[in-house]
């Protein structure tokens with residue numbers, strides 16, 4: 462693939478990964494808000510069984526989504542380097 466063909470592909474890949482990263486960051490923030498609301502508004506006496514599991518899962522998912530966004534940021538940096546080198 463020539464440089465003329467590579468550059469548009471790298472540009473497109475970078476645009477897509479940047480959009481996915483933004484979407485992941487928004488999702489992580491929304492999960493954080495949901496988790497906070499559950500912690501603040503759900504009385505301790507109601508935090509049993511499946512409810513405790515759901516709260517814990519929400520927190521775990523928030524961390525995973527945030528980690529994915531951070532890893533995607535590294536991919537974006539690599540794509541940006543490749544784009545500059547092309």
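In my numbering, the protein residues as written are 462 to 547. For each residue, glycine too, the CB sits at the ideal point set by N, CA and C.
Touching by the beta-carbon criterion (3+ pairs, under 8 Å), the stretch 465–473 and the stretch 494–506: no
The stretch 467–481 in contact with the stretch 535–542 per 3-pair CB rule at 8 Å: They touch, by the three-pair rule.
Separation of residue 483 from residue 474, as counted between CA atoms: 14 Å
Euclidean distance between Cα positions of residue 523 and residue 511: Straight through space, the alpha carbons of residue 511 and residue 523 are spaced by roughly 18 Å.
Continuous alpha helix (DSSP H) stretch holding residue 469: start and end: 464–502
Classification of residue 546 by the beta-carbon crowding that lies within 10 angstroms, buried from 16 upward: Classification of residue 546: exposed, given that the 10 Å Cβ count is below 16.
Segments of 3+ residues assigned as beta strand (DSSP E) that fall wholly inside the stretch 498–536: none
For residue 443, the nearest candidate out of 526, 516, 486 (CA to CA): For residue 443 there is no data in the structure shown, the boundaries of the chain being 462 and 547.
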